[in-house]
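**Student:** One structure, pasted below without further comment.
Number of protein chains: 2
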Amino acid sequence: MIEQLQRLPGVGPKTAQRLAMYIIKRSETEVEALAQALLDAKKQVGLCKVCFHLSAEPICDICRHPQRDNDTICVVSDSRDVVAIEKTREYRGKYHVLGGVISPMDGIGPEQLTIEPLVRRVSQNQVKEVIIAISPSVEGETTTLYLGQLIKPFTRVTRIAFGLPMGGDLEYADEITLARALEGRREFN
Amino acid sequence: MIEQLQRLPGVGPKTAQRLAMYIIKRSETEVEALAQALLDAKKQVGLCKVCFHLSAEPICDICRHPQRDNDTICVVSDSRDVVAIEKTREYRGKYHVLGGVISPMDGIGPEQLTIEPLVRRVSQNQVKEVIIAISPSVEGETTTLYLGQLIKPFTRVTRIAFGLPMGGDLEYADEITLARALEGRREFN
Numbered sequence: 001m002i003e004q005l006q007r008l009p010g011v012g013p014k015t016a017q018r019l020a021m022y023i024i025k026r027s028e029t030e031v032e033a034l035a036q037a038l039l040d041a042k043k044q045v046g047l048c049k050v051c052f053h054l055s056a057e058p059i060c061d062i063c064r065h066p067q068r069d070n071d072t073i074c075v076v077s078d079s080r081d082v083v084a085i086e087k088t089r090e091y092r093g094k095y096h097v098l099g100g101v102i103s104p105m106d107g108i109g110p111e112q113l114t115i116e117p118l119v120r121r122v123s124q125n126q127v128k129e130v131i132i133a134i135s136p137s138v139e140g141e142t143t144t145l146y147l148g149q150l151i152k153p154f155t156r157v158t159r160i161a162f163g164l165p166m167g168g169d170l171e172y173a174d175e176i177t178l179a180r181a182l183e184g185r186r187e188f189n
Numbered sequence: 001m002i003e004q005l006q007r008l009p010g011v012g013p014k015t016a017q018r019l020a021m022y023i024i025k026r027s028e029t030e031v032e033a034l035a036q037a038l039l040d041a042k043k044q045v046g047l048c049k050v051c052f053h054l055s056a057e058p059i060c061d062i063c064r065h066p067q068r069d070n071d072t073i074c075v076v077s078d079s080r081d082v083v084a085i086e087k088t089r090e091y092r093g094k095y096h097v098l099g100g101v102i103s104p105m106d107g108i109g110p111e112q113l114t115i116e117p118l119v120r121r122v123s124q125n126q127v128k129e130v131i132i133a134i135s136p137s138v139e140g141e142t143t144t145l146y147l148g149q150l151i152k153p154f155t156r157v158t159r160i161a162f163g164l165p166m167g168g169d170l171e172y173a174d175e176i177t178l179a180r181a182l183e184g185r186r187e188f189n
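Going down the list, the sequences are from chains A and B.
With the UniProt record's numbering applied, the first sequence covers 1 to 189.
With the UniProt record's numbering applied, the second sequence covers 1 to 189.
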């Protein structure tokens, strides 16, 4: 059991041992409930057929939600990013989960991602805006530029702002962040 | 000596002791040179009469520089921010150092800062753009809004971008940063 638990992300030998000791001390019913929950989740959770977000249903809650705008698609690399953006409660459109970023070093090209279904979605539906929300790494930038060129013929493409994080101190910001914060300056309203 | 050294920022009892031991072991000439350097710097470095950046001359190097644009002023709270922005090598205009941010809790109102000289500078010279580059804290926001309203009648006012820092991961960004990154999204070019 310890060996298996150690494979989980962020679980080292000590944590694995602590978890194992805890599990052994529980009643058989409790352990069965935990084991079943893992199996059920693995069996039930797949990817939404429309946006590729994790979902227990063929089409996810967000895609089926009647109050969410169909004409805006926010493109993210991972399902965790959907969760992060949902927490802001600021976004009312739909998503598209790429399943990663273009990274030739890791053998991930456009065809390994859900880019083709995204282009199909954008070209076949009335989409007014595609917001690219990909983290600003080298691979992220490559992916953003690639997607932007691909989608621009169909609709308006925007990308999230880069600059100083909230509570971030100008003095401690790295030079590239500061340069982009200056470059991306906005009119004062 | 240890007592005095301990007053420096970031210097605790142990560091102060280590510094003191080091100084005691130097030759008298070396210690005199160090002491004199402190005195000279304190005597010589004052504030630029134009922009209030630290300067050994009545008017600082940046304000006197012939190749820097006179028509753009970047407003920062502290001289350290000037140094940070200069390191990006992206900005070719002038600066204005406020000497802090508006903070009623600490008894700092607009009159404690160099806001009046800034308004005079903007109203009496041909300034095409004032970029407000103040760190996004509660006090920083207050100061930015106050300055924006004050300067808008004279010229174009912009503010630096807030959003994801470079290398920052969307998933780990706090909700406010993410919300502002979405809100501040830009056209893809």
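Glycine included, every Cβ here is placed at the ideal spot set by N, Cα and C.
List, from N- to C-terminal side, the alpha helix (DSSP H) runs of 4 residues or more that fit wholly inside the UniProt domain "Toprim" (71-165) of chain A.
**Tutor:** 79-88, 115-124 and 138-151
**Student:** In whole angstroms, what is the alpha-carbon distance linking A:Ala-84 and B:Leu-178?
**Tutor:** 8 Å
**Student:** Which residues in chain B sit within 8 Å of A:Asp-180, going by Cβ to Cβ distance?
**Tutor:** Reading off the sequence shown, one finds Arg at residue 180 of chain A, where the question assumed Asp. Under a criterion of Cβ atoms nearer than 8 Å, the residues of chain B adjacent to A:Arg-180 are, in order, Ala-161 and Met-166.
**Student:** Cutting at 8 Å between CB atoms, please list the residues of its own chain near B:Ala-173, excluding the five before and the five after it.
**Tutor:** Leu-164 and Ala-181
**Student:** Count the other C-beta atoms from every protein chain shown that fall within 10 angstroms of the C-beta of B:Glu-135, then say buried if there are 16 or more, exposed otherwise.
**Tutor:** For the record, residue 135 of chain B in the displayed sequence is Ser; it is not Glu. Classification of B:Ser-135: buried, given that the 10 Å Cβ count is 16 or more.
**Student:** Tell me, to the nearest whole angstrom, how far the beta carbon of B:Thr-158 is from that of A:Phe-188; I am working on the premise that it is less than 8 Å.
**Tutor:** In this structure B:Thr-158 touches A:Phe-188 by the C-beta definition: roughly 6 Å separates them, less than 8 Å.
**Student:** According to DSSP, B:Leu-185 sits in a beta bridge with which residue or residues?
**Tutor:** The residue asked about is misnamed: residue 185 of chain B is Arg in this sequence, not Leu. Partner(s): none; B:Arg-185 has no beta bridge.
**Student:** Report back the beta-carbon spacing between A:Gly-99 and A:Thr-114 to the nearest angstrom; my notes put them in contact at under 8 Å.
**Tutor:** Correct: roughly 5 Å between the Cβ atoms.
**Student:** Can you grab the Cα-Cα spacing for the pair B:Leu-47 / B:Thr-29, in whole Å?
**Tutor:** 30 Å
**Student:** Would you say A:Arg-7 lies against chain B (beta-carbon separation less than 8 Å)?
**Tutor:** Answer no: the Cβ-Cβ gap between A:Arg-7 and chain B never drops below 8 Å.
**Student:** Do you know how far the Cα of A:His-65 is from the Cα of B:Pro-110?
**Tutor:** 49 Å
**Student:** From A:Val-138 to A:Lys-14, what distance separates their C-alpha atoms?
**Tutor:** If you draw a straight line from the Cα of A:Val-138 to the Cα of A:Lys-14, it is about 35 Å long.
**Student:** If you measure from the beta carbon of B:Asp-71 to each beta carbon in chain A, is any gap under 8 Å?
**Tutor:** It does not: the Cβ of B:Asp-71 has no partner Cβ on chain A nearer than 8 Å.
**Student:** Sort out for me which residues DSSP pairs A:Leu-47 with in a bridge.
**Tutor:** A:Leu-54
**Student:** How is A:Asp-40 classed by DSSP in three states: helix, strand or coil?
**Tutor:** If DSSP states are grouped into helix, strand and coil, A:Asp-40 belongs with the helices.
**Student:** Which value, in whole angstroms, describes the spacing of the CA atoms of A:Gln-112 and B:Glu-175?
**Tutor:** 30 Å
**Student:** Quick check: is the beta carbon of B:Glu-139 nearer than 8 Å to any beta carbon in chain A?
**Tutor:** Not an interface residue.
**Student:** Helix, strand or coil for B:Pro-9 per DSSP?
**Tutor:** coil
**Student:** B:Ile-62 lies in the alpha helix (DSSP H); which residues open and close that run?
**Tutor:** 61-64
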